[in-house]
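Q: Residue numbers (our numbering): 53 to 117. Cβ coordinates follow ideal geometry from the N, Cα and C atoms, glycine included.
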Amino acid sequence: MPKSTKVTIHKLPTGVRGLDEILGGGIPEYSFNIIAGPPGCGKTTLAHQIVFANATVKKPALYFT
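#1: Per the DSSP calculation, I79 is bridged to which residue(s)?
#2: Is it right to say T66 is buried, meaning 16 or more other beta carbons lie within 10 angstroms of its own, or is it exposed?
#3: Using the Cα positions of H100 and V68, report the straight-line distance between them to the nearest angstrom.
#4: Residues in the same chain with beta-carbon distance under 7 Å from T96, minus the five sequence neighbours each way, listed in chain order, please.
#5: Please classify G70 as buried or exposed, where buried requires at least 16 neighbouring CB atoms within 10 angstroms.
Structural data, given as structure tokens:
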């Protein structure tokens, strides 16, 4: 049987401390995430917060709404 290898999954902070705690440190790097909910519940605001917390000149971010 082959030897198992541990893989470290890096997390990106959402910029919302309580949400990061619930998610175990943030959202997995290079993941595709869908933020769903009824109109007016803050989906776009949360997407902006995540982008603002992580985007840089060398590492741009993109979201669709």
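A: Result, derived from the coordinates:
#1: Paired residues: L64.
#2: Counting every other CB atom within 10 Å of its CB across the protein chains shown gives T66 a total of 16 or more, marking it as buried.
#3: Their Cα atoms are separated by approximately 11 Å.
#4: So the qualifying residues of the chain are T117.
#5: By the neighbour-count rule (16 or more Cβ atoms within 10 Å), G70 is not buried but exposed.
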